[in-house]
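Chemist: Final position of the sequence shown in the numbering used here is 108; the numbers increase by one with none missing.
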Amino acid sequence: MNYKKVKADITTTTRNVRELQEKTENIYQSVVIVSKRANQIAFDMKEELNNKLSEFASSTDNLEEVFENREQIEIAKYYEQLPKPTLIAVHEFMNDQIYYRVPEKDNT
């Protein structure tokens with residue numbers, strides 16, 4: 001997923017708790033859904049970053065290579081500018097882009 005194209009906020013904003021609660025009728029359940037999605041996004045981002053950085057891994061690092069690798073610096077800057085996983089998850093939740101189900105309600 002290209003997280004740069006997500007229209008989530010880049011900075012933290014104050015949210016109305018009632019808006020989060022409206023989706024599930026339970027604020028705690030909403031927070032759990034958002035947190036689980038944020039963990040998924042963070043894991044995906046970390047895997048993607050590790051895959052990109054593994055290309056630069058070498059068995060013998062010296063100080064000159066560590067300080068002069070411009071590609072690694074550009075990759076790091078790119079990931080620093082992305083919205084945080086929690087902000088992406090809140091954006092997805094508020095725009096009904098997260099599928100979730102409640103097992104207790106499914107059984108009744």
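Built from N, CA and C at the ideal position, the CB exists for glycine as well.
With 16 as the cutoff for other CB atoms within 10 Å, does Asn37 come out buried or exposed?
Modeler: What you label residue 37 is simply residue 37 of the sequence shown in a count that begins at 1. Per the sequence presented here, residue 37 reads as Arg, with Asn not at that position. By the neighbour-count rule (16 or more Cβ atoms within 10 Å), Arg37 is buried.
Chemist: Are the beta-carbon atoms of Asn71 and Phe56 separated by less than 9 Å?
Modeler: In the sequence shown, residue 71 corresponds to position 71, counting from 1. In the sequence shown, residue 56 corresponds to position 56, counting from 1. The question names Asn, but residue 71 in the sequence shown is Glu. The answer is yes: Cβ separation under 9 Å.
Chemist: Quick check on the burial criterion: 16 or more other C-beta atoms within 10 angstroms. Buried or exposed for Pro103?
Modeler: As a working note, residue 103 is residue 103 in the sequence shown. Under this definition Pro103 is an exposed residue.
Chemist: Compare the beta carbon distance of Thr12 and Leu87 with 9 Å and say whether it is the shorter of the two.
Modeler: The count along the sequence shown starts at 1 and reaches residue 12 at position 12. The count along the sequence shown starts at 1 and reaches residue 87 at position 87. Yes. Within cutoff.
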